[in-house]
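First up is the structure itself, then whatever we jot down about it.
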Amino acid sequence: MQRNLLQVAFLGAVLSLMAHASTISGKVAGVPGVSVIYVEAIAGKTFPVPAEQPVVAQRHLMFQPHILPVQQGSTVEFLNSDSVAHNVFWPSVGGNKKLAHNLGTWPQNEKRAFKFDAVGAVPLLCNVHPEMNGYIVVVPTPYFALTSESGEYKIENVPDGSYSLAAWHEGIKNQSKHVDVAGDAKADFTLSR
Amino acid sequence: MLKSKIAACCSLVIYLCTVPSAYAIPAFARQYGTSCATCHVDFPKLNDFGKAFKDASFKFPKDDETFIKIPPVILGSPAQKELWPHTIWPGTIPGIPPIGLRYNQFFQATNGNANKFNALLPPGTVGAYIPTTDFETGFFSIFTAGNLGDNIGFWVDDDISVSGANANGGLGDAYLRFGDVSRFLRLPTDSLTAKIGQFELDLPFTQARAYDISPYDIYTQTNIGAANPNFPQQFVNNQVSMQDVGKGIEISGGHHYGGYHYSLAIIDQNTSGTPPAFPGNVPSGAGGSNGGVGFNSDSNFKDLYGRLVYRANLDRDPATRHDVQAAGKTGPHTHNYITLGSYYLYGRSVQSISGFTPNGTAPTVLTAREPFYRAGGDFDFNLHDKFDVYGLYMYGHDNNLLPTVTGEATGPTGFVRGNPATFSGGFVQADYMVYPWIVAIMRWDRVNSSSDLLNGYLASTAGAPVTPFFSPFSSVRNRFTPGAQFLIHPNIKASFEYEIRPQQVVYNAANLQSNGVPMRLTNPFRTNTAVVALEFVY
Numbered sequence: 651m652q653r654n655l656l657q658v659a660f661l662g663a664v665l666s667l668m669a670h671a672s673t674i675s676g677k678v679a680g681v682p683g684v685s686v687i688y689v690e691a692i693a694g695k696t697f698p699v700p701a702e703q704p705v706v707a708q709r710h711l712m713f714q715p716h717i718l719p720v721q722q723g724s725t726v727e728f729l730n731s732d733s734v735a736h737n738v739f740w741p742s743v744g745g746n747k748k749l750a751h752n753l754g755t756w757p758q759n760e761k762r763a764f765k766f767d768a769v770g771a772v773p774l775l776c777n778v779h780p781e782m783n784g785y786i787v788v789v790p791t792p793y794f795a796l797t798s799e800s801g802e803y804k805i806e807n808v809p810d811g812s813y814s815l816a817a818w819h820e821g822i823k824n825q826s827k828h829v830d831v832a833g834d835a836k837a838d839f840t841l842s843r
Numbered sequence: 227m228l229k230s231k232i233a234a235c236c237s238l239v240i241y242l243c244t245v246p247s248a249y250a251i252p253a254f255a256r257q258y259g260t261s262c263a264t265c266h267v268d269f270p271k272l273n274d275f276g277k278a279f280k281d282a283s284f285k286f287p288k289d290d291e292t293f294i295k296i297p298p299v300i301l302g303s304p305a306q307k308e309l310w311p312h313t314i315w316p317g318t319i320p321g322i323p324p325i326g327l328r329y330n331q332f333f334q335a336t337n338g339n340a341n342k343f344n345a346l347l348p349p350g351t352v353g354a355y356i357p358t359t360d361f362e363t364g365f366f367s368i369f370t371a372g373n374l375g376d377n378i379g380f381w382v383d384d385d386i387s388v389s390g391a392n393a394n395g396g397l398g399d400a401y402l403r404f405g406d407v408s409r410f411l412r413l414p415t416d417s418l419t420a421k422i423g424q425f426e427l428d429l430p431f432t433q434a435r436a437y438d439i440s441p442y443d444i445y446t447q448t449n450i451g452a453a454n455p456n457f458p459q460q461f462v463n464n465q466v467s468m469q470d471v472g473k474g475i476e477i478s479g480g481h482h483y484g485g486y487h488y489s490l491a492i493i494d495q496n497t498s499g500t501p502p503a504f505p506g507n508v509p510s511g512a513g514g515s516n517g518g519v520g521f522n523s524d525s526n527f528k529d530l531y532g533r534l535v536y537r538a539n540l541d542r543d544p545a546t547r548h549d550v551q552a553a554g555k556t557g558p559h560t561h562n563y564i565t566l567g568s569y570y571l572y573g574r575s576v577q578s579i580s581g582f583t584p585n586g587t588a589p590t591v592l593t594a595r596e597p598f599y600r601a602g603g604d605f606d607f608n609l610h611d612k613f614d615v616y617g618l619y620m621y622g623h624d625n626n627l628l629p630t631v632t633g634e635a636t637g638p639t640g641f642v643r644g645n646p647a648t649f650s651g652g653f654v655q656a657d658y659m660v661y662p663w664i665v666a667i668m669r670w671d672r673v674n675s676s677s678d679l680l681n682g683y684l685a686s687t688a689g690a691p692v693t694p695f696f697s698p699f700s701s702v703r704n705r706f707t708p709g710a711q712f713l714i715h716p717n718i719k720a721s722f723e724y725e726i727r728p729q730q731v732v733y734n735a736a737n738l739q740s741n742g743v744p745m746r747l748t749n750p751f752r753t754n755t756a757v758v759a760l761e762f763v764y
């Protein structure tokens, strides 16, 4: 009997969570290419660090993917997929030059990892090939999405509530807006250079 | 006459300030979508990857097809190879014409001492005035290079105009390079490569693609000992200098980024420096008369050039040591290394004069074939391109056959062997990379030439000497050249040099002292020159 009650309670909790897990969607206009949309820090809430370690490859003299959003505390692996040596460094994190770091230079098929604890955009550079650039965008919550090339995005499983939603785009100042999530919500951004 | 000679000498000084035809290849940057810094420390100086790219006949040393952003056009399917010899072996051409252009501009400042050479002119003669400051146009050059498939590389560069005059330009290097021919002979990879065409010899340090404003003095040194009739103990008239391009074939092997490297070249000889004047029954040197492509050599003999060098990379990790690029925290492009090398050029300097048969009765043509060689060694110590010190020593030796007169002849009837005409010298240069966009340079050039000393005594109202310096104060001339280079962008560079030249003195050969040495017309002075260059490639 007690076991059945627990099962009912668990099912109720799951249904309750599902009922409050909403979606934020919208479109970023005004700039070409992909952007990162994310829910900014939520006061009093912390989130477990994802176990998954995304990979940024250096392939064909390019960082791939060019833009990678990750949750704060994530560890990113940098894999050299080219037959030439690559270096990875960043001159700042979120504009803070004190967080500059040089991972070094390594040959093909080797990788190095780094844990990103600070929030902000990390411009990735290679001092062997100055034309190479990429970005890791470290965001404070697990609620983020990379837009499509046409600017459309969808952030799923966002609990109902009021949030500050931010848009990051390469070379453009961040834009934020308030969004109330109760069921599916929509938030469009118009960015300009 | 004298005025024109002095003007020619002044032009020579300016020429010496501007002569290096340096090239970077933005055509490659376009094809691979990569920065100049991938291959250059400070264009046109190559880093290790640039050396490997060149060694691979202008391709990425591995997986080239994955890096090239503009795919080559295929001239026949690769499967056509299976039909050979019943079809043409397929190849490729670059997807876009790989063309680069370059322009540079100079500003020079010198002091009024340069005008002291006007003291050689007869009183009242208007001399060529050398201004203390001068804007000077440099080169506008076109260059194209790339790969045609099957490890066949090509290179052509040409100065379309020099100093603003289109007629002053000329072809630099132009060749096909058949890379890794060794694979057909089952020899180790890259142990045999062939280059055919017109090219700079495999010098220890390139002159054509040096990044200094002024050339290395020892590379411009010729051996001319016959210019001064007052001092007839030398008869050599060898216009060959190491910076000259050669026409012929070069085989080479090994790599420039580590381990051994050798080259052997057989090239046309032209010790007179000018195409021979032909009668109308053969094509002319310029190809103008009687059709054909003409002849430019003045001798049957072919010069032979060889070079052997070993470079030891000094990285501790064996894998890193043998890789094309060194790895490290700061991502250096180039290993720490030390290079030791040697080189040797052998040729024959031909001089023909009117003379008489040995009995002195019948006029004839006397021909002296004077063997000569240039030999030396070189070193290069490089710390990740941050600090690079390098230099070379050269010894030049020409057999010296002196005309002799026998019997009752009124002119020369033969030759006797005199003391060889020799010179020696070299340079040491240190480059320090202050920032990736600033390089500080210090160079010391030294040339010791007894011929130049003797030729300098010709300075008189009868004519100016033909040596690079108007009148040497001694047989040794040293030049110190501090400088700096600033990359404004990866393809725009400002350079500065201050050339501290050797002391010079103007003599009057028509007025000899009791010891036979000509009287001085002026006290020793220097013609130091500051040169600023601004250049861009695109």
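If you read the sequences in order, they're chains R and W.
FYI, the numbering for the first sequence is 651 to 843, going by our numbering.
FYI, the numbering for the second sequence is 227 to 764, going by our numbering.
Beta carbons are placed, not taken as given, at the ideal position from N, Cα and C, and that holds for glycine.
query	result
Partners in chain W for residue 751 of chain R, counting only beta-carbon separations shorter than 8 angstroms	Near residue 751 of chain R there are no residues of chain W at all, since even the closest Cβ is about 11 angstroms away, more than 8 angstroms.
Check whether residue 841 of chain R and residue 782 of chain R have beta carbons under 9 angstroms apart	no
Same chain, Cβ closer than 6 angstroms to residue 606 of chain W, neighbours up to 5 away in sequence not counted	565, 616
Cβ-based burial, residue 491 of chain W [other Cβ within 10 Å; buried from 16]	buried
Chain-order list of residues whose beta-carbon lies under 6 angstroms from that of residue 328 of chain W (same chain, five-residue window excluded)	367, 763
Straight-line gap, residue 287 of chain W to residue 406 of chain W (C-alpha atoms, nearest Å)	12 angstroms
Coil, strand or helix - residue 249 of chain W by DSSP	Low confidence applies here, because residue 249 of chain W scores a pLDDT of 48, under 50, leaving its location unreliable; read the following figure in that light. In this structure, residue 249 of chain W counts as coil in the three-state DSSP scheme.
Rounded distance between the beta-carbons of residue 602 of chain W and residue 619 of chain W, thought under 8 angstroms	5 angstroms
For residue 278 of chain W, three-class secondary structure by DSSP	helix
Bridge partners - residue 668 of chain W, DSSP secondary structure assignment	W/656, W/708
Local Cβ density within 10 Å of residue 243 of chain W, reported as buried at 16 or more and exposed below that	At residue 243 of chain W the pLDDT is 39, less than 50, meaning the model places this residue with poor confidence and gives no usable figure here.
Neighbouring residues, chain W, relative to residue 685 of chain R (Cβ below 8 angstroms)	What residue 685 of chain R touches in chain W: nothing, since even the nearest Cβ is about 24 angstroms away.
Identity of the residue in W/703, W/326, W/351 nearest residue 753 of chain W by Cα	W/703
Whole-Å CB distance - residue 373 of chain W paired with residue 284 of chain W, under 8 angstroms assumed	5 angstroms
Chain W contacts made by the segment 694-723 of chain R, where a contact means CB separation under 9 angstroms	709, 710, 711, 712
Where the beta strand (DSSP E) containing residue 773 of chain R begins and where it ends	770-775
Candidates R/709, R/776, R/768, of which the one nearest residue 732 of chain R by Cα	R/709
Contact under 9 angstroms by Cβ, residue 773 of chain R with residue 724 of chain R	no
Contact residues within the segment 755-776 of chain R, judged by C-beta distance below 8 angstroms to chain W	755, 756, 757, 776
CB-CB length for residue 495 of chain W against residue 470 of chain W, believed under 8 angstroms	Rounded, the Cβ-Cβ distance is 11 angstroms, inconsistent with contact.
Cβ neighbour criterion (16 or more within 10 Å) applied to residue 421 of chain W	buried
Residue 768 of chain W: first and last residue of the uninterrupted beta strand (DSSP E) it sits in	This structure gives no information on residue 768 of chain W, because the portion of chain W shown stretches from 227 to 764.
DSSP state of residue 407 of chain W mapped onto helix, strand, coil	helix
Residue burial classification, residue 343 of chain W (beta-carbon count within 10 angstroms, cutoff 16)	buried
Three-pair Cβ contact test at 8 angstroms for the segment 721-732 of chain W versus the segment 300-308 of chain W	no
Residue 677 of chain W, buried or exposed, once every other Cβ within 10 Å from all chains shown has been counted against 16	buried
Contact list for residue 261 of chain W against chain R, beta-carbon separation under 7 angstroms	779, 780, 781
Any beta strand (DSSP E) of 3 or more consecutive residues that is wholly inside the segment 358-425 of chain W	359-373, 378-388, 396-404
Distance CB(residue 426 of chain W)-CB(residue 472 of chain W) smaller than 9 angstroms	yes
Within-9 angstroms CB hit, residue 742 of chain R to chain W	no
Residues, ordered as in the chain, of the segment 812-823 of chain R that lie near chain W by beta-carbon distance below 9 angstroms	none
Coarse secondary structure for residue 347 of chain W, derived from DSSP in three states	coil
Residue burial classification, residue 633 of chain W (beta-carbon count within 10 angstroms, cutoff 16)	exposed
Nonlocal neighbours in the same chain, by C-beta distance under 6 angstroms from residue 656 of chain W, ignoring five residues either side	615, 668
C-beta contact flag for residue 713 of chain R and residue 764 of chain R at 9 angstroms	no
Same chain, Cβ closer than 8 angstroms to residue 257 of chain W, neighbours up to 5 away in sequence not counted	294, 295, 296, 320, 321, 322, 324, 372
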